[in-house]
């Protein structure tokens with residue numbers, strides 16, 4: 001092991017293993033996760049070539065091979081718990097989505113949730129056994145967020161008792177679904193339902209798209225891959241153009257709404273039934289943010305511990321990069337954020353299960369809060385993580401640009417989370433809608449409960465934007481709970497400001513909708529402050545449950561750093577609202593430097609606690625043993641451009657050029 | 001043409017062509033640039049396959065082919081002016097660096113600047129005619145920024161009158177030089193010179209690395225490609241391990257320092273001679289930032305004009321994305337920044353030429369200022385642009401992830417500018433060193449001139465951090481010059497704070513070096529504020545030279561937006577220093593919304609004025625005619641995964657899987 005990184009580990013003040021248990025949710029979870037990791041990583045069937053050395057087609061090929069193996073082995077081992085499947089999959093395809101993801105995570109669940117019993121009999125077992133491989137085709141080339149804008153049509157023909165599906169325009173071509181391009185032979189297609197001359201809005205249809213034997217596209221089906229992307233090279237995101245494609249009446253998803261043989265449309269009993277999945281997926285993405293951050297911080301901090309550069313004191317050996325204040329200031333707040341988001345991910349899972357239980361008992365009252373929370377936190381954590389990955393990458397100097405560092409891959413595989421499952425700005429505005437509604441309720445005298453209950457308090461005081469210095473701020477900057485309170489008040493004030501902006505627009509005789517749009521900047525800012533408050537609050541509450549003194553101490557330091565760093569980054573908000581004073585902002589800057597020094601001896605141990613297997617991290621810079629340069633050299637020599645000493649282009653172009661000049 | 005984008009153009013309030021002249025530096029420059037573009041784009045020898053459809057090896061192959069063609073044609077057409085060569089090259093390899101870049105931009109110029117007359121006779125013509133293809137090998141796998149840390153050795157052997165070159169450790173392997181992996185047969189190698197038992201520091205040596213006829217690596221040379229990266233796929237960035245490689249004494253660059261046949265070392269007359277190139281390259285990078293921003297804004301704004309999504313008012317057709325306030329708030333400040341950086345790029349070029357003239361007359365007095373300015377502005381503009389490209393990309397929804405949008409490529413080709421030619425944090429600290437030095441001089445009563453002269457004024461007042469509200473700020477938020485003045489004062493205050501932080505650390509008996517390191521966060525912040533001030537100042541000054549009323553009006557709006565947006569983003573600084581009041585911050589938020597609405601009818605015309613040829617932009621989303629979806633569909637169908645209807649993996653893995661489940 002590299003002596004620098006060894007020394008770092010000896011200097012840690014706490015028991016790393018115990019922190020891993022906290023992050024995993026208990027020692028049994030850690031044990032089981034490691035068992036599953038070892039199942040995959042010791043299995044020669046999952047050996048692979050570094051995808052960065054392969055062509056797109058070979059990357060796809062390798063991913064299909066491993067996915068097929070995975071399906072077999074999961075059944076062989078009897079692994080069926082979703083969390084365990086998740087761990088298994090994330091070792092088989094470390095950090096990379098795969099061609100079968102939509103079949104497993106969207107097609108099968110949609111059948112389970114929306115197919116009638118007869119449809120289940122017909123489709124489920126073939127799909128379970130991968131005779132049918134399906135995807136979920138909703139987004140169109142010209143339409144995303146706004147479902148009512150989708151143009152694909154399914155017109156019922158009572159004469160033949162069939163639906164006729166069409167892509168009437170270029171903008172209506174289905175675009176993006178994973179596994180659609182090459183892998184799937186079926187697709188659940190979302191289309192506007194027309195029957196007896198009326199449109200009944202978006203419905204789901206089970207559409208065969210490729211021949212079951214030859215896998216050739218069926219008549220009327222134009223299907224293919226949408227071409228190379230920023231990441232997701234293993235996935236055949238696809239397009240689908242439907243030209244008078246006829247499917248039997250029985251292929252409309254019939255569990256809730258129906259079309260009778262004569263064309264009569266039967267409405268679904270409730271429209272809120274698919275709400276849950278969306279909330280679940282967004283909650284999961286919060287956890288993905290934490291994991292991407294954990295990986296990035298592990299790589300950047302371990303490499304900063306073994307990398308020596310320049311000099312602080314002349315004549316002395318080059319110091320570890322980790323000793324530079326600027327490097328600490330780049331990385332330690334992100335490490336703190338990694339812990340914060342991990343705890344927020346745990347919190348989201350708990351709250352999701354808690355509320356789902358209530359929903360199953362028929363109590364839908366908390367659903368709007370959960371929806372707003374998952375939308376906002378999805379946007380907040382993915383945006384923050386998106387920037388953070390790049391800060392980590394650039395903190396590694398030139399080597400952060402090498403694919404061997406894994407950081408470019410972490411970035412390109414993560415960044416789509418800012419857009420899919422609800423574009424982030426749209427998500428922030430959805431959360432804002434809930435916040436403004438809650439604010440108005442509180443203003444109307446209603447007593448709010450849950451996470452927005454702080455908006456009750458804001459009715460008891462006025463925003464004192466004019467007299468900042470007149471009112472001495474009450475925050476104790478060294479007390480985390482007091483800082484959490486400041487975040488709460490900031491959120492309350494920004495929600496109030498956004499609501500007032502709408503009010504002012506309305507007074508200028510703008511319509512409700514224009515008033516909303518003309519206040520959108522303020523609304524996003526309010527949502528952001530709300531989410532930031534939730535994150536510091538959850539971190540603070542998590543600390544209360546930690547008994548081990550050494551661990552409590554180091555995690556408290558992280559939490560303080562996270563909270564203080566957020567205040568300096570948004571000091572305008574806090575100053576403007578009179579929540580902190582100018583001298584306090586200066587004190588916080590000084591305190592942050594102290595916290596950086598305090599954390600310095602523990603940071604390698606803090607990333608070790610994420611316990612990311614070397615094969616999962618897949619980074620020469622982030623290796624546990626710190627032997628980075630040897631491995632980087634070895635990796636480079638395996639690169640395809642080094643397959644021959646002389647590249648053919650020398651003989652084709654460079655040598656002939658000599659005689660022409 | 002798409003009717004939406006046509007209407008946008010009709011609504012513009014100014015003459016687009018005249019703005020193009022301003023951006024190019026005059027109508028003649030625009031004319032000549034277009035002539036050169038047409039030379040390349042009408043030349044079938046430069047037809048190419050979209051690199052995103054090719055393997056790494058084929059990308060490299062295609063780039064070598066085009067580079068070889070380019071060298072031939074430039075000589076054929078007699079194009080020799082550096083600016084014209086630049087335009088030609090940026091059409092041949094639009095947005096992509098190429099394998100011959102280092103030969104043309106580093107190897108040849110280094111020969112010109114550092115070779116003795118005898119060496120020129122020997123090496124220059126073969127290099128000019130590409131018999132010798134060279135690169136510049138400085139960075140090592142374990143050493144970058146800190147030149148004294150480089151480990152490669154060149155030991156003089158008087159017995160044979162040769163230098164013996166060695167890579168004594170893994171960390172000393174040369175790493176990153178462009179064109180080193182496969183293309184070059186020579187390298188200028190930077191190595192620690194040892195002669196007669198003494199080390200004389202870093203010197204440059206001309207080292208043959210491949211056989212001139214077979215192109216095979218020479219004995220003792222281990223050379224190859226460093227493997228796939230985040231971008232730069234056309235370039236064979238390489239490694240080079242030297243094992244007792246002997247080169248004649250005459251292959252040390254001898255224009256300034258020398259080693260005599262007997263091993264006597266002769267010192268160079270001055271060590272500042274290579275300073276100029278560094279400053280020049282960094283100044284150029286400021287221009288690159290502007291160009292990358294111009295491309296990204298062109299794509300995002302044009303696409304936002306033709307893309308319709310969701311609804312603002314229920315029942316009405318889906319509005320153009322450009323009508324959403326959040327979209328305007330994302331993109332218009334970046335458009336303003338694109339203009340700002342273009343003018344700063346022009347300013348840097350002017351100042352560089354101006355100061356170079358003085359240097360040629362023996363006056364080195366302005367060199368430190370130019371050095372500090374180019375370092376800081378390089379860091380400031382590349383960091384800002386780096387984030388901005390990603391904001392533009394994500395503002396395009398899902399399609400921003402498609403390689404057909406060009407935005408992923410713009411990002412990966414641009415982001416290395418944050419690291420190469422001086423890592424940004426290091427650059428900011430270099431600028432800070434100059435600022436603190438100047439501050440101390442001013443404090444000691446010296447009258448400063450040039451860009452830092454504002455530090456004189458700061459001696460006439462104290463930072464009144466305590467009594468913010470007591471002192472009414474004097475800024476007129478609607479007057480750009482007044483805003484520029486606020487930026488100036490902010491910079492002065494932050495420089496003072498950083499200098500005081502160092503002072504306080506020294507009082508705690510820290511060494512100079514530790515005091516510096518413990519103040520590094522403040523120092524970077526001061527440099528950032530200084531650069532921000534320079535940018536708004538240059539934008540403001542540029543406006544003074546614009547006579548056309550309509551153009552002056554729209555560019556003034558852009559400049560105001562840029563300045564105000566910067567204040568809201570850094571409102572903590574401005575509030576803390578008492579430069580703006582809390583009500584003014586609120587007024588600025590309101591004014592920004594007004595400026596967004598004011599700019600709305602002109603933004604398409606403002607990106608049109610960048611006049612980026614469709615073939616150079618290479619983006620289906622950014623096309624001049626706005627016909628995005630048709631082209632995206634066509635592009636996707638050409639993608640290699642669609643070469644066959646059925647991918648072989650179906651027969652290899654998916655079909656056999658059926659019988660096993």
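Protein chains in written order, with UniProt numbering: chain A, 1 to 661; chain B, 1 to 661.
Even for Gly, the Cβ is constructed at its ideal location relative to N, Cα and C.
These figures come from a predicted structure and were not determined experimentally.
Since residue i and residue j are thought to touch, with beta carbons under 8 Å apart, how far apart are those beta carbons, to the nearest angstrom?
i: residue 502 (chain A); j: residue 519 (chain A); result: 5 Å
i: residue 179 (chain A); j: residue 126 (chain A); result: Going by Cβ atoms, the distance from residue 179 (chain A) to residue 126 (chain A) rounds to 16 Å, so no, they are not a contact pair.
i: residue 171 (chain B); j: residue 629 (chain A); result: 5 Å
i: residue 342 (chain A); j: residue 23 (chain A); result: 6 Å
i: residue 225 (chain B); j: residue 182 (chain B); result: 6 Å
i: residue 575 (chain A); j: residue 585 (chain A); result: 7 Å
i: residue 413 (chain B); j: residue 97 (chain B); result: 7 Å
i: residue 494 (chain B); j: residue 329 (chain B); result: That belief does not hold up - the Cβ atoms of residue 494 (chain B) and residue 329 (chain B) are roughly 26 Å apart, past 8 Å.
i: residue 206 (chain A); j: residue 223 (chain A); result: Incorrect: roughly 15 Å between the Cβ atoms, too far for contact.
i: residue 108 (chain B); j: residue 128 (chain B); result: 7 Å
CB-CB under 6 Å to residue i, same chain, minus the five flanking residues each way: which ones, in chain order?
i: residue 8 (chain B); result: 305 and 604
i: residue 51 (chain B); result: 59
Within its chain, find whatever has a CB closer than 8 Å to the CB of residue i; leave out the 5 residues flanking it on each side and keep chain order.
i: residue 373 (chain B); result: 348, 351, 431, 451 and 534
i: residue 269 (chain A); result: 256
i: residue 601 (chain A); result: 8, 11, 12 and 13
Do residue i and residue j have their C-beta atoms within less than 9 Å of each other?
i: residue 496 (chain B); j: residue 439 (chain B); result: yes
i: residue 135 (chain B); j: residue 184 (chain B); result: yes
i: residue 232 (chain B); j: residue 633 (chain A); result: no
i: residue 312 (chain B); j: residue 175 (chain A); result: no
i: residue 113 (chain A); j: residue 356 (chain A); result: no
i: residue 649 (chain A); j: residue 53 (chain A); result: no
i: residue 73 (chain B); j: residue 45 (chain B); result: yes
i: residue 364 (chain B); j: residue 428 (chain B); result: no
i: residue 294 (chain B); j: residue 539 (chain B); result: no
i: residue 336 (chain A); j: residue 492 (chain A); result: no
Give every residue of the same chain whose Cβ lies closer than 7 Å to the Cβ of residue i, excluding the five residues on either side of it in the sequence, and list them in chain order.
i: residue 418 (chain A); result: 382, 383, 386 and 424
i: residue 377 (chain B); result: 286, 344, 348, 531 and 534
i: residue 631 (chain B); result: 620 and 623
i: residue 671 (chain A); result: A query on residue 671 (chain A) cannot be resolved here, the shown segment of chain A reaching from 1 to 661 and no further.
Taking the beta carbon of residue i as the centre, do at least 16 other beta carbons fall within 10 Å, making it buried, or is it exposed?
i: residue 658 (chain A); result: exposed
i: residue 77 (chain B); result: exposed
i: residue 462 (chain B); result: Here the model assigns residue 462 (chain B) a pLDDT of 48, short of 50, so the residue's position is not dependable, and the following value carries that caveat. Result: exposed.
i: residue 94 (chain A); result: buried
i: residue 449 (chain A); result: exposed
i: residue 396 (chain A); result: buried
i: residue 315 (chain A); result: exposed
i: residue 523 (chain A); result: buried
i: residue 478 (chain A); result: exposed
i: residue 464 (chain A); result: With a pLDDT of 46 at residue 464 (chain A), under the threshold of 50, the modelled position of this residue cannot be trusted, and the question is left open.
i: residue 197 (chain B); result: exposed
Unbroken stretches of the beta strand (DSSP E), 3 residues or longer, contained in the segment 205-288 of chain B: Note on the segment 205-288 of chain B: whole beta strand (DSSP E) runs with a minimum of 3 residues are 221-225, 238-242 and 245-248, in chain order.
Report the residue ranges of all beta strand (DSSP E) runs contained in full by the segment 357-399 of chain A; include only those spanning at least 3 residues, in chain order. Entirely contained in the segment 357-399 of chain A, not one beta strand (DSSP E) run reaches 3 residues.
Scan the segment 124-193 of chain B and note each continuous beta strand (DSSP E) run of 3 residues or more that stays entirely inside, going in chain order. Scanning the segment 124-193 of chain B from its first residue to its last, the whole beta strand (DSSP E) runs of 3-plus residues come out as 134-137, 153-157 and 162-166.
Which runs of the beta strand (DSSP E), 3 residues or longer, sit entirely within the segment 528-588 of chain A? Those beta strand (DSSP E) runs which fall completely within the segment 528-588 of chain A and span 3+ residues do not exist here.
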